[in-house]
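Asks: One structure, as structure tokens, below. Some questions next.
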Amino acid sequence: MYAPLIEETLIAAIKVVILLFGVVLPGASACVYFERKISAWIQQRIGPNRVGPLGLLQPIADVVKLLLKEDIVPAAADKKFHFLAPLISITIAVAVFAVIPFGNYVLIGNTYTYLSIAPHLNVSVLYVLALTSIGVYGITLAGWSSNNKYSLLGGLRSASQMISYELSMGLSLIGVLMIGGSLNLNELVIAQSGLKWNVFYQPLGFLIFMIASYAETNRSPFDLPEAEPELVGGYHTEYSGMKFGIFFLAEYANMIAASAMMVTFFFGGWQVPFLPEILGLHDGDLLLGLLQLGAFTAKVAVFLFIFIWVRWSLPRFRYDQLMNLGWKVLLPLALLNIAVTGTVMFFLK
503 MYAPLIEETL
513 IAAIKVVILL
523 FGVVLPGASA
533 CVYFERKISA
543 WIQQRIGPNR
553 VGPLGLLQPI
563 ADVVKLLLKE
573 DIVPAAADKK
583 FHFLAPLISI
593 TIAVAVFAVI
603 PFGNYVLIGN
613 TYTYLSIAPH
623 LNVSVLYVLA
633 LTSIGVYGIT
643 LAGWSSNNKY
653 SLLGGLRSAS
663 QMISYELSMG
673 LSLIGVLMIG
683 GSLNLNELVI
693 AQSGLKWNVF
703 YQPLGFLIFM
713 IASYAETNRS
723 PFDLPEAEPE
733 LVGGYHTEYS
743 GMKFGIFFLA
753 EYANMIAASA
763 MMVTFFFGGW
773 QVPFLPEILG
783 LHDGDLLLGL
793 LQLGAFTAKV
803 AVFLFIFIWV
813 RWSLPRFRYD
823 QLMNLGWKVL
833 LPLALLNIAV
843 TGTVMFFLK
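My numbering puts the first residue of the sequence shown at 503, with every later residue one more than the last.
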């Protein structure tokens, strides 16, 4: 009676390990490498080329350096929360991947193996929004527990910024949910089959979601919480060694998660339009599963490139510009998008 439950739990545990050590950590390392290479290309520099062939081992060298650095904690800091803050950030960043579908499913023997940890979670959209809403706690606690005015200001900036843009981000998805008729990410992807990608029906919603994602991940031009000219290093000013490295890892994990969400909501997720019909493949075929995984990875890579491109191309906003954009521009546009979507759906019934 308990055998199926034990088997499902074991499969889920294996998927978590594969996700962490096969997707998140290598993905973050690859993002660090390509960020350096792409920024060098934009600025007409060479970039890393000394450690390993083409500089490919530079991320490993960075990790070794962080591990060997001294872990310095300010004497007046709250040591418990100073230690806990980076763990909160990385845990939430990784937990988002639990509901992201990397493909449909693969039939191995008589077992349906879904390419996701929690493919049947009917409220996976709410799960993602809930996690992103509490992601601010790690950064805020880091700023407060450091007992440093620059860190505290960085944490407060991050809290106000993420709360402001989270509202627009959530509202920008309402149109997608109205069209897809589900809160299950896998079902939203299936609804976009045949090139019926939501970006064609919700271009404004996609634009709002993309801008809000940049703000939520504290990436330039929205990196006000760690503005070097004003706040030294912002919320992680008093962090060194691997604790700083964990914040760094969480930022790139959030980048990958945000890119994956944009692909899932607006660009068909793992869908490969018309290719299964052309090749005569059916759901459950191993080849089709690999093609879906490859298509999803390629789409995510495009958005990661845009993340990096934007960072090295646009200057940082002033703080008043940042807040005005969130409350006076994106929020009204998100509400307008909901109204227009509802009106069009009503008359096209």
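All residues carry an ideal CB built from backbone N, CA and C; glycine is no exception.
1) Reducing DSSP to helix, strand and coil, say where V895 ends up.
2) On a Cα-Cα basis, can you pick out the residue from R818, D787 and M825 that is closest to N612?
3) Would you mind sorting M847 into buried or exposed? The rule is 16 or more other CB atoms within 10 Å of its CB.
4) State the start and end residues of the unbroken beta strand (DSSP E) segment that holds T799.
5) Just to check my reading of the structure: P775 and G696 have Cβ atoms closer than 8 angstroms, yes? What is that Cβ distance to the nearest angstrom?
6) Using the C-alpha atoms, what's the distance from L833 back to E718?
7) Would you mind stating whether M671 and S722 have Cβ atoms separated by less than 8 angstroms?
8) For G677, which of Q773, L609, I840 and F798 has the nearest alpha-carbon?
9) With DSSP as the reference, label T613 as helix, strand or coil.
10) Which residues does DSSP pair with V608 in a beta bridge?
11) When the distance is taken between beta carbons, is Y741 closer than 8 angstroms to S660?
12) Would you kindly report the start and end of the unbroken alpha helix (DSSP H) that includes Y741?
13) How is the alpha helix (DSSP H) around D564 delimited, first residue to last?
14) Answer with buried or exposed for A760, where buried requires no fewer than 16 other C-beta atoms within 10 angstroms of its C-beta.
15) Would DSSP call L850 helix, strand or coil?
16) R721 lies in the alpha helix (DSSP H); which residues open and close that run?
17) Taking L669 as the reference, which of L631, S531, F708 and F749 has the closest Cα?
18) Checking 8 angstroms against the spacing of the C-beta atoms, do W699 and G747 come in under that value?
19) Any idea if P621 is buried or exposed, counting beta-carbon neighbours within 10 angstroms, 16 or more meaning buried?
20) Have a look at M680 and T634 and give me their C-alpha separation to the nearest angstrom.
21) According to DSSP, simplified to helix, strand and coil, what is L675?
22) For H852, report the span of its alpha helix (DSSP H) as first-last.
23) So the candidates are N756, N606 and I710; which of them puts its Cα closest to the Cα of L790?
24) Looking at I602: is its Cβ nearer than 8 angstroms to the Cβ of V638?
25) Put L816 into one of helix, strand or coil per three-state DSSP.
26) List the whole-angstrom C-beta distance separating K539 from G549, where the pair is believed to meet the contact cut-off of C-beta under 8 angstroms.
27) Confirm, please, whether the CB-CB distance from I619 to A595 is below 8 angstroms.
28) Just to confirm, are F711 and L675 a CB contact at a threshold of 8 angstroms?
Replies: Once the coordinates are examined:
1) Residue coverage of the chain in this structure runs from 503 to 851, which leaves residue 895 outside it and unanswerable.
2) The count along the sequence shown starts at 1 and reaches residue 612 at position 110. The option with the nearest alpha carbon to N612 is D787.
3) Start at 1 with the first residue of the sequence shown, and residue 847 comes out as number 345. Burial call: exposed.
4) For the purposes of this step, residue 799 is taken as the residue at position 297 of the sequence shown. Segment L788 to R813 is the alpha helix (DSSP H) holding T799; no beta strand (DSSP E) there.
5) Taking the first residue of the sequence shown as 1, we reach residue 775 at position 273. Taking the first residue of the sequence shown as 1, we reach residue 696 at position 194. Their Cβ separation, rounded to whole angstroms, is 7 angstroms, which keeps P775 and G696 in contact under 8 angstroms.
6) On the sequence shown, residue 718 is found 216 positions in, with the first residue counted as 1. On the sequence shown, residue 833 is found 331 positions in, with the first residue counted as 1. Rounded to the nearest angstrom, the gap between the Cα atoms of E718 and L833 is 15 angstroms.
7) The sequence position of residue 671 within the sequence shown is 169, counting from 1. The sequence position of residue 722 within the sequence shown is 220, counting from 1. No, these two residues do not count as a Cβ contact at 8 angstroms.
8) In the sequence shown, the residue the question calls residue 677 occupies position 175. Residue I840 is the option with its Cα nearest to G677.
9) Within the sequence shown, the letter at position 111 stands for residue 613. Strand at T613.
10) By 1-based counting over the sequence shown, the position of residue 608 is 106. DSSP, once it has assigned bridges, lists T615 and G786 as partnering V608.
11) Here residue 660 refers to the residue found at position 158 of the sequence shown. Here residue 741 refers to the residue found at position 239 of the sequence shown. Going by C-beta atoms, S660 is not nearer than 8 angstroms to Y741.
12) Stepping through the sequence shown from its first residue, residue 741 is reached at position 239. No alpha helix (DSSP H) holds Y741; DSSP gives it neither H nor E.
13) Translated into positions along the sequence shown, residue 564 becomes position 62. Here the alpha helix (DSSP H) through D564 covers Q560 to L570.
14) Mapped onto the sequence shown, residue 760 falls at position 258. The residue is buried, with at least 16 neighbouring Cβ atoms inside 10 Å.
15) Working through the sequence shown from its first residue, we reach residue 850 at position 348. L850 falls in the coil class under three-state DSSP.
16) Walking along the sequence shown from the start, residue 721 turns up at place 219. R721 -> no alpha helix (DSSP H), and no H or E assigned at all.
17) Residue mapping note: residue 669 aligns to position 167 of the sequence shown, counting from 1. Cα-wise, what sits closest to L669 is L631.
18) Mapped onto the sequence shown, residue 699 falls at position 197. Mapped onto the sequence shown, residue 747 falls at position 245. Not in contact: W699 and G747 (Cβ atoms no closer than 8 angstroms).
19) As a position in the sequence shown, residue 621 is number 119, starting the count at 1. Classification of P621: buried, given that the 10 Å Cβ count is 16 or more.
20) Residue numbering aside, residue 680 sits at position 178 when the sequence shown is read from its first letter. Residue numbering aside, residue 634 sits at position 132 when the sequence shown is read from its first letter. Computed Cα separation, rounded: 21 angstroms.
21) To locate residue 675, count along the sequence shown from 1; it is residue 173. L675 falls in the coil class under three-state DSSP.
22) With the chain covering only 503 through 851, there is no way to say anything about residue 852.
23) In the sequence shown, the residue the question calls residue 790 occupies position 288. Taking only the C-alpha atoms, the option nearest L790 is N606.
24) Counted from its first residue, the sequence shown places residue 602 at position 100. Counted from its first residue, the sequence shown places residue 638 at position 136. No, Cβ-Cβ distance for I602 and V638 is not below 8 angstroms.
25) For the purposes of this step, residue 816 is taken as residue 314 along the sequence shown, with counting starting at 1. Three-state result, L816: coil.
26) As a working mapping, residue 539 is identified with position 37 in the sequence shown. As a working mapping, residue 549 is identified with position 47 in the sequence shown. Confirmed, about 5 angstroms.
27) As a working mapping, residue 595 is identified with position 93 in the sequence shown. As a working mapping, residue 619 is identified with position 117 in the sequence shown. No; because the gap between Cβ atoms is not below 8 angstroms, this pair is not in contact.
28) On the sequence shown, position 209 is the one that residue 711 refers to. On the sequence shown, position 173 is the one that residue 675 refers to. Taking 8 angstroms as the Cβ cut-off, F711 and L675 qualify as a contacting pair.
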